[in-house]
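In our numbering, the protein residues as written are 689 to 994. Backbone N, C-alpha and C fix where the C-beta goes; we use that ideal spot for every residue, glycine too.
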């Protein structure tokens with residue numbers, strides 16, 4: 689595990705011998721130094737190479753800290769008798785809160801408003817341009833899992849109407865489902881990307897979808913960076929084909945600062961949407977439960993389904 693995860697585990701307690709990947713030059717060096725490693729704690733969005741798994745003959749459990757597990761080859765792990773767990777339904781409320789924060793900050797130009805105050809722009813008469821009222825906007829949500837539903841529950845409180853699209857109908861959802869993602873993008877003023885953090889969502893917010901959102905539309909992404917054609921997004925922002933974007937996730941993380949230095953109308957945060965204290969505590973507790981069950985020879989609580 690990395691040092692941040694190591695710190696969480698130490699603060700949480702537990703009778704485990706803990707090893708940090710950051711203390712070694714490579715996965716192979718860590719595995720060679722600790723051939724008896726039985727469990728790995730990883731960030732699920734970070735790629736875990738086959739060679740790392742294969743270098744640990746006693747490995748039986750991979751715990752993903754967070755709901756995502758797109759960096760893990762589940763089939764390969766299972767072929768070696770390794771169980772994979774994640775932390776579902778513990779950070780969706782925090783992610784939804786962050787998504788709404790990004791939405792408001794973007795549409796109401798809050799970040800640049802702060803800069804006008806502390807940078808002296810207001811004293812020179814610059815208060816910025818007027819943006820739309822939230823209640824004037826129609827929202828579309830891509831993906832109605834736990835995060836999408838949590839976002840959808842919050843938006844009506846701001847007077848924002850909601851529609852959604854996902855690959856499968858969900859009869860229990862009262863909000864209307866669009867015929868396609870393009871229909872959703874054309875009909876809505878702001879698109880929230882909250883779809884699955886796996887290969888089925890790669891590039892789903894394509895250049896065509898971005899153009900469909902249009903020059904008066906906004907994009908919010910709290911899923912994974914690879915769900916958006918990032919080059920097409922930047923080009924659309926630079927030439928005014930998209931009104932604005934707010935992102936917590938990026939194609940490369942950390943994303944290079946220079947990549948965004950001259951991109952207008954963006955609000956960016958460093959993949960922290962799910963990082964509220966309550967969510968982190970709940971995820972840590974779930975990881976500890978899965979570890980305890982595994983080492984006791986019992987079924988784990990949240991195995992990743994096939």
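Query, Result
"Candidates 837, 728 and 711: closest to residue 982 by CA position", "728"
"Start-end ranges of the beta strand (DSSP E) lying completely within the segment 849-925, minimum 3 residues", "849-853, 878-881 and 906-909"
"Residue 956 in three-state terms, based on DSSP", "strand"
"Where the beta strand (DSSP E) through residue 727 begins and ends", "727-731"
"Rounded Cβ spacing between residue 858 and residue 832 (contact assumed at less than 8 Å)", "6 Å"
"Environment of residue 856 [buried if 16+ CB atoms lie within 10 Å]", "exposed"
"Enclosing beta strand (DSSP E) for residue 772 [first to last residue]", "771-773"
"Residue from 980, 968, 784 and 933 with nearest C-alpha to residue 753", "968"
"Beta-bridge pairing of residue 753 - partner residues as DSSP gives them", "731"
"Spatial neighbours of residue 784 in its chain, beta-carbon cut-off 7 Å, leaving aside the 5 residues before and after", "835, 838, 839 and 842"
"Three-state secondary structure assigned by DSSP to residue 830", "strand"
"The segment 861-876 touching the segment 913-925, judged by at least three CB pairs closer than 8 Å", "no"
"Reduced DSSP secondary structure (H/G/I, E/B, other) of residue 717", "helix"
"CB-CB length for residue 787 against residue 961, believed under 8 Å", "7 Å"
"Residue 935: first and last residue of the uninterrupted beta strand (DSSP E) it sits in", "932-935"
"Beta-carbon proximity of residue 733 to residue 885, cut-off 8 Å", "yes"
"Rounded distance between the beta-carbons of residue 861 and residue 879, thought under 8 Å", "Not really, about 17 Å apart at Cβ, beyond 8 Å."
"Segment limits, alpha helix (DSSP H) that includes residue 794", "780-795"
"Where the alpha helix (DSSP H) containing residue 767 begins and where it ends", "762-767"
"Residue 966 burial status per 10 Å Cβ neighbour count (16 or more: buried)", "exposed"
"C-alpha gap between residue 791 and residue 887, whole angstroms", "26 Å"
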